[in-house]
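**Q** Residue numbers (the numbering used here), protein chains in the order written: chain A, 113 to 540; chain B, 22 to 264; chain C, 140 to 305.
All C-beta atoms, glycine included, are put in the ideal place defined by N, C-alpha and C.
Following this message is one structure expressed as structure tokens.
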Amino acid sequence: MNGILPVSVLEPTAEQTQRQTAEIFSRKEKEAKPDVEAIKAQLREIREYSSANLPSLVNQFRESVSKYPGVKVGVAENASQAIKYINEVAGETKLVSINKSTVVTNELRSGLESTGFKVYIRYFKEFKDFDKVIQDYWQLPGLSSQGLGQSFEITTKIAQLEATEVRDYIAVVGVNAVSAEDGQVFFLQHFSNISEDLNEAKKVILVVAIDKIVKNWEDAAFQTKCNGIFGLESMTLDLESRVVEQYDFEKLPPLPQGQKREVHVLILDNGRSALLSGAQRDLLLCLGCRACVRQCPIGHHFVGDGKVWSPKSYLWSFLLGTNPSTEACIHCGRCYVECPVDIDLPTLMWRAQFEHYARHGRTPKKRLLDYPELLAELGCLAGPIANWAIAKPVFRRLIETMAGIHREAHMPTFHHESLRKWASKRKR
Amino acid sequence: MGEQKKKIVYYAGCFANYYDPEIGKSFIEVMERNGFEVIIPDEKCCGMPMLANGNVKGAAKNVKFNLKSLTRAASPGYDILTTCPSCNLMLRSECVTFFDSEEARFVSEHIYDASEYLNKLNRKGELNTKFGRMDLKVFYHAPCHMKVQDLTYESVNLLKLIPGLSVVKVNTACCGMGGSYGMKKVNYDLAIEIAGKVWEEVKTAQPDKGVTECGGCKLQIEAGTGINVVHPQMLLREAYGSY
Amino acid sequence: MAKVLMIDYEKCTGCRLCEMVCSVYHEGVVNPELSRIKIVKWEWEGRYVPMACQQCTSAPCMAICPVKAVSRDENLGRVMVDSDLCIGCRMCVAVCPFGGAKFDSANKQIIKCDLCDGDPQCVRFCEVGAIQYVEAEEVTTVKQRAAAEKFSGLLQKVASAIAEVS
Numbered sequence: 113m114n115g116i117l118p119v120s121v122l123e124p125t126a127e128q129t130q131r132q133t134a135e136i137f138s139r140k141e142k143e144a145k146p147d148v149e150a151i152k153a154q155l156r157e158i159r160e161y162s163s164a165n166l167p168s169l170v171n172q173f174r175e176s177v178s179k180y181p182g183v184k185v186g187v188a189e190n191a192s193q194a195i196k197y198i199n200e201v202a203g204e205t206k207l208v209s210i211n212k213s214t215v216v217t218n219e220l221r222s223g224l225e226s227t228g229f230k231v232y233i234r235y236f237k238e239f240k241d242f243d244k245v246i247q248d249y250w251q252l253p254g255l256s257s258q259g260l261g262q263s264f265e266i267t268t269k270i271a272q273l274e275a276t277e278v279r280d281y282i283a284v285v286g287v288n289a290v291s292a293e294d295g296q297v298f299f300l301q302h303f304s305n306i307s308e309d310l311n312e313a314k315k316v317i318l319v320v321a322i323d324k325i326v327k328n329w330e331d332a333a334f335q336t337k338c339n340g341i342f343g344l345e346s347m348t349l350d351l352e353s354r355v356v357e358q359y360d361f362e363k364l365p366p367l368p369q370g371q372k373r374e375v376h377v378l379i380l381d382n383g384r385s386a387l388l389s390g391a392q393r394d395l396l397l398c399l400g401c402r403a404c405v406r407q408c409p410i411g412h413h414f415v416g417d418g419k420v421w422s423p424k425s426y427l428w429s430f431l432l433g434t435n436p437s438t439e440a441c442i443h444c445g446r447c448y449v450e451c452p453v454d455i456d457l458p459t460l461m462w463r464a465q466f467e468h469y470a471r472h473g474r475t476p477k478k479r480l481l482d483y484p485e486l487l488a489e490l491g492c493l494a495g496p497i498a499n500w501a502i503a504k505p506v507f508r509r510l511i512e513t514m515a516g517i518h519r520e521a522h523m524p525t526f527h528h529e530s531l532r533k534w535a536s537k538r539k540r
Numbered sequence: 022m023g024e025q026k027k028k029i030v031y032y033a034g035c036f037a038n039y040y041d042p043e044i045g046k047s048f049i050e051v052m053e054r055n056g057f058e059v060i061i062p063d064e065k066c067c068g069m070p071m072l073a074n075g076n077v078k079g080a081a082k083n084v085k086f087n088l089k090s091l092t093r094a095a096s097p098g099y100d101i102l103t104t105c106p107s108c109n110l111m112l113r114s115e116c117v118t119f120f121d122s123e124e125a126r127f128v129s130e131h132i133y134d135a136s137e138y139l140n141k142l143n144r145k146g147e148l149n150t151k152f153g154r155m156d157l158k159v160f161y162h163a164p165c166h167m168k169v170q171d172l173t174y175e176s177v178n179l180l181k182l183i184p185g186l187s188v189v190k191v192n193t194a195c196c197g198m199g200g201s202y203g204m205k206k207v208n209y210d211l212a213i214e215i216a217g218k219v220w221e222e223v224k225t226a227q228p229d230k231g232v233t234e235c236g237g238c239k240l241q242i243e244a245g246t247g248i249n250v251v252h253p254q255m256l257l258r259e260a261y262g263s264y
Numbered sequence: 140m141a142k143v144l145m146i147d148y149e150k151c152t153g154c155r156l157c158e159m160v161c162s163v164y165h166e167g168v169v170n171p172e173l174s175r176i177k178i179v180k181w182e183w184e185g186r187y188v189p190m191a192c193q194q195c196t197s198a199p200c201m202a203i204c205p206v207k208a209v210s211r212d213e214n215l216g217r218v219m220v221d222s223d224l225c226i227g228c229r230m231c232v233a234v235c236p237f238g239g240a241k242f243d244s245a246n247k248q249i250i251k252c253d254l255c256d257g258d259p260q261c262v263r264f265c266e267v268g269a270i271q272y273v274e275a276e277e278v279t280t281v282k283q284r285a286a287a288e289k290f291s292g293l294l295q296k297v298a299s300a301i302a303e304v305s
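This is the structure we're talking about:
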């Protein structure tokens, strides 16, 4: 161990794809490209190993990373412990730059702000103002992940955290994957905010949620690649013109030469190991690619509240207690279709929803729709009168007040003779 | 020597039972024209809307009843067919997930969506393809519950067998109805926004009719476009009839 | 009819002159990293394949660009990136199946072949004619002719073989 923690950054590159396509053009025999199913299978193996060996991997990672003399290691059971640690590290400095990490943004940011930090997602400062054309999921081109297998490669190995210009702020960045075997850290970067933070911040805190720990560096690099491959289109939905409050870190004056920089690795649990024994255990398979966002019809309505949104994080924040309900979920199942590791999110959402009702009960208004078949039978019995009634605004207003059905919603019409009655008559 | 008629069991679901029996009548005729006798056992609501509403106990009761009735009816080895994608999903997956039993698994293994089943017959060369010509431009909307069961294109492939019928657009975006989700006051505005994409595509495609298997999707599309939306089984019946 | 770059990799010698002139023309310096055309090499096999943007009609880079900075110029049959609109997200770099778009991190801009506004420099300088700038139909005609020659040569051989036997 030569003392420097190896941090690798993966970015979108053209080289490998070029090489692979050139190979196909020039070889007389067509070699089969590794297809997306093979990528998913390999990914699934990595994730299953991680979740099956969670406690031992955490210990192994902690040991490996502690071997680097320049690195300080902290362990936080929950968000408040993490905030406490960051506070201690920060000292006087109250300016924090974070990347667009789901863990850091959703689980730590508000806590940091409430303890006096000014927190900015530097990611959004990276690009100039623009007119967002792709507003919602149906405008995504639906490009197959197939072509992206070679598109993300390691472009920077930050083995030296000796930078030319050090600025007086803290960088709290969430990782994509880490290797338990040798402590290597991996990031995926589309812009350049992560490498800038790693090179410039006086103190760097690498937040490692325990489900980001994988066996070795090859698995970690591969998993990070998959974040890029499967999360590509969802990322387009995140891009917001710089309406988000910004800070120009570039404008900070550089500190005098010979600054002592600090690198911390903060291992964060925050409810993850508790999943091991519960019904929501499959959530540990998640690699954080956010492919589930890609087709979620309610997705973009949650963007812009300062969090990084995905159906998974919607459920996760419910389990953590920071999101009061799961009722916005429409149960369409599209997130399941997108997930590269086949997490049955719809079923997990159902289970969480039932738990929600068991915990909070249900209003009488809600219970009115508990037996929809009964209502249908009554409607059929009332026949044409029922159909006449649901066309009248006065009755629709009544139904809206009592049962919560919008007065303008198209309701189905009741048929005077149910199918089964017709069928039984037919038999005779 | 009398020909032994093949039999299938039909789980109609509430939409076909109470709101649009023509779906069921069309389906029965289509199956009869393929030499099947259709058995309609006693049934209750599949329980999906009750589950979505949080009425787990009510859903469990219905599921118990349905599984018993369906296993009894299908026990000689008949397949179980549905015309509603949500009922299909409920009986195929959710029953096993939440109310697992031997009967749940039996039903799960024997259940098919109607279009899926007819395509299967076609692949075996057993489908009655005596379809009359129907000069019609249709817009097919794939319900989310078909997508999640990997049945997105079943009806499209089936409808392509009807001469003269052209599927001018296949839409796979969510319509926002989500059962009764989109009808509720709290969700209405959001549902309308989600439906907007589908409505726009209908307006661009200018079809003669809309086609979809899901009753909720049908209501949502009709709400925003005014076109008539039918179940694919109805088109098949019409095509058989005009041969 | 727009012209296209016709690349015959079998003629390419791997000299990389095209990369040099491309970077000089666009960037004013000799820097293969900033070249829009790239020679992919398999040195031991002596196989060299020039790769550049294919100017797709249904370009994935156009479809994915979140700010619609990528558009098609039908005049010259090329795909153009408007650097004023480009925000440098590199989606196009990731989705291009040919690796046709690259990111210049110094200037934070996308670089890709623009056919040098109708006078491609790589074509001018390629000694062996591995890259040519031809009408689109010509590409297939060249191949058809080559195949026809082989075929007629084959026919002649067969004819003379039959003649010998009989």
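According to DSSP, is F120 (chain B) helix, strand or coil?
**A** As a working mapping, residue 120 (chain B) is identified with position 99 in the second sequence. If DSSP states are grouped into helix, strand and coil, F120 (chain B) belongs with coil.
**Q** Take the Cβ of K27 (chain B) as the centre, count every other Cβ of all protein chains shown within 10 Å, and call the residue buried at 16 or more, exposed below.
**A** Looking up residue 27 (chain B) in the second sequence gives position 6. Looking at its Cβ environment, which holds fewer than 16 other Cβ atoms inside 10 Å, K27 (chain B) is exposed.
**Q** Taking a cut of 7 Å between CB atoms, which residues from the stretch 195-220 of chain C lie near chain A?
**A** Answer in chain order: P199, A202, I203, P205, V206, K207.
**Q** Could you pull the DSSP bridge partners for P189 (chain C) from this structure?
**A** Residue mapping note: residue 189 (chain C) aligns to position 50 of the third sequence, counting from 1. DSSP, once it has assigned bridges, lists C:I178 as partnering P189 (chain C).
**Q** Using three-state DSSP, classify N499 (chain A) as helix, strand or coil.
**A** Taking the first sequence and counting its residues from 1, the one referred to as residue 499 (chain A) is at position 387. Looking at N499 (chain A) - three-state DSSP - the assignment turns out to be helix.
**Q** Which same chain residues end up closer than 7 Å to C261 (chain C) when comparing Cβ atoms and leaving out the 5 residues on each side of it in sequence?
**A** Here residue 261 (chain C) corresponds to residue number 122 of the third sequence, with the count starting at 1. Closer than 7 Å at the Cβ level, and outside the excluded window around C261 (chain C), lie C157, V160, C161, I176, I270.
**Q** Tell me whether the stretch 166-181 of chain C and the stretch 209-225 of chain A touch, counting them as touching only if at least three CB pairs, one residue from each stretch, are closer than 8 Å.
**A** Cβ pair count under 8 Å is below three, so no.
**Q** If we call anything under 8 Å between Cβ atoms a contact, is I249 (chain C) one with C225 (chain C)?
**A** The sequence position of residue 249 (chain C) within the third sequence is 110, counting from 1. The sequence position of residue 225 (chain C) within the third sequence is 86, counting from 1. Yes, the Cβ-Cβ distance between I249 (chain C) and C225 (chain C) is below 8 Å.
**Q** With a threshold of 8 Å, are at least 3 pairs of Cβ atoms found where one atom belongs to the stretch 331-345 of chain A and the other to the stretch 117-128 of chain A?
**A** yes
**Q** Counting only C-beta atoms, is M113 (chain A) closer than 8 Å to chain C at any point?
**A** Position 1 of the first sequence holds residue 113 (chain A). Only weak support is given to the placement of M113 (chain A): the predicted model assigns it a pLDDT of 40, under 50, and the question is left unresolved by the model.
**Q** Leaving out the 5 sequence neighbours to the left and right, which residues in its chain are closer than 8 Å to K533 (chain A) when beta-carbon positions are compared?
**A** In the first sequence, residue 533 (chain A) corresponds to position 421, counting from 1. Excluding residues within five positions, none has a Cβ falling inside 8 Å.
**Q** Give the DSSP bridge partners of E265 (chain A), in chain order.
**A** Mapped onto the first sequence, residue 265 (chain A) falls at position 153. DSSP output for E265 (chain A) lists A:E123 as bridge partner(s).
**Q** Does DSSP put A134 (chain A) in a helix, in a strand, or in coil?
**A** Indexing the first sequence from 1 puts residue 134 (chain A) at position 22. It is helical.
**Q** Taking K478 (chain A) as the query, report the chain B residues whose CB atoms sit under 8 Å from its CB, ordered along the chain.
**A** Taking the first residue of the first sequence as 1, we reach residue 478 (chain A) at position 366. Going along chain B in sequence order, the residues near K478 (chain A) (Cβ under 8 Å) are N74, G75.
**Q** Go ahead and pull the three-state DSSP assignment for S244 (chain C).
**A** The sequence position of residue 244 (chain C) within the third sequence is 105, counting from 1. Residue state, collapsed to three classes: coil.
**Q** Tell me which residues of the stretch 149-168 of chain C have at least one Cβ-Cβ distance to chain A shorter than 8 Å, keeping chain order.
**A** Listed by position, the residues of the stretch 149-168 of chain C near chain A (Cβ gap below 8 Å) amount to none.
**Q** With distances taken from CA atoms, which of A:R406, A:V319, A:K327, A:G383 is nearest L349 (chain A)?
**A** Along the first sequence, one-based indexing puts residue 349 (chain A) at 237. Ranking A:R406, A:V319, A:K327, A:G383 by Cα distance to L349 (chain A) puts A:R406 first.
**Q** Check each residue of the stretch 421-437 of chain A: if its Cβ is closer than 8 Å to any Cβ of chain B, include it; give the result in chain order.
**A** none
**Q** Secondary structure at G216 (chain C), three-state DSSP: helix, strand or coil?
**A** The residue you call residue 216 (chain C) lines up with position 77 of the third sequence. Looking at G216 (chain C) - three-state DSSP - the assignment turns out to be coil, as it is neither helix nor strand.
**Q** DSSP state of A287 (chain C), grouped into three classes?
**A** Counting from 1 along the third sequence, the entry for residue 287 (chain C) is found at position 148. Correct three-state label for A287 (chain C): helix.
**Q** So what does G286 (chain A) bridge to, in DSSP terms?
**A** Within the first sequence, the letter at position 174 stands for residue 286 (chain A). Answer is A:V319, bridged to G286 (chain A).
**Q** In this structure, does DSSP put D171 (chain B) in helix, strand or coil?
**A** Here residue 171 (chain B) is taken as the residue at index 150 of the second sequence, counted from 1. Correct three-state label for D171 (chain B): coil.
**Q** Since M145 (chain C) sits in a beta bridge, which residues does DSSP pair it with?
**A** To locate residue 145 (chain C), count along the third sequence from 1; it is residue 6. DSSP, once it has assigned bridges, lists C:Q271 as partnering M145 (chain C).
**Q** Tell me the DSSP secondary structure of V216 (chain A) in three-state form.
**A** The sequence position of residue 216 (chain A) within the first sequence is 104, counting from 1. Helix, per DSSP.
**Q** Please compile the residues from chain C whose C-beta is within a distance smaller than 7 Å of the C-beta of E127 (chain A).
**A** Reading the first sequence from its first residue, position 15 is the one you call residue 127 (chain A). Under the 7 Å cutoff, chain C gives G238.
**Q** State buried or exposed for L388 (chain A), treating a residue as buried only when at least 16 other CB atoms are found within 10 Å of its CB.
**A** Taking the first sequence and counting its residues from 1, the one referred to as residue 388 (chain A) is at position 276. Its Cβ having fewer than 16 others within 10 Å, L388 (chain A) is exposed.
**Q** Is the stretch 319-332 of chain A in contact with the stretch 350-370 of chain A, if contact means three or more CB pairs nearer than 8 Å?
**A** no
**Q** For L293 (chain C), is the classification buried or exposed, using 16 other Cβ atoms within 10 angstroms of its Cβ as the cut-off for buried?
**A** Locating residue 293 (chain C) in the third sequence gives position 154, where the first residue counts as 1. Per the 10 Å Cβ criterion, exposed.
**Q** Could you name the residues of the stretch 484-517 of chain A whose beta carbon sits closer than 8 Å to any beta carbon of chain B, in the order they occur along the chain?
**A** P484, E485, A488, E489, G491, C492, E512, G516, I517
**Q** Using the Cβ count rule (16 or more neighbours within 10 Å means buried), how would you classify L531 (chain A)?
**A** Here residue 531 (chain A) is taken as the residue at index 419 of the first sequence, counted from 1. Buried, by the Cβ-count rule.
**Q** Answer yes or no: does any C-beta atom of chain B fall closer than 8 Å to that of Q392 (chain A)?
**A** For the purposes of this step, residue 392 (chain A) is taken as residue 280 along the first sequence, with counting starting at 1. By this cut-off, Q392 (chain A) is not an interface position.
**Q** Can you list, in chain order, the stretches of the beta strand (DSSP E) that have 3 or more residues and sit fully within the stretch 288-348 of chain A?
**A** 289-291, 297-300, 313-321
**Q** So for P366 (chain A), helix, strand or coil by DSSP?
**A** One-based indexing of the first sequence puts residue 366 (chain A) at position 254. It is a strand residue.
**Q** From A:E485, A:V377, A:H302, A:G343, pick the residue whose C-alpha is nearest to that of I266 (chain A); which is it?
**A** For the purposes of this step, residue 266 (chain A) is identified with residue 154 of the first sequence, where counting begins at 1. The option with the nearest alpha carbon to I266 (chain A) is A:H302.
**Q** Is V143 (chain C) near the ligand ADP - that is, is its Cβ less than 7 Å away from at least one heavy atom of it?
**A** Among the components of this structure there are no ligands whatsoever, and the ligand ADP is therefore not found.
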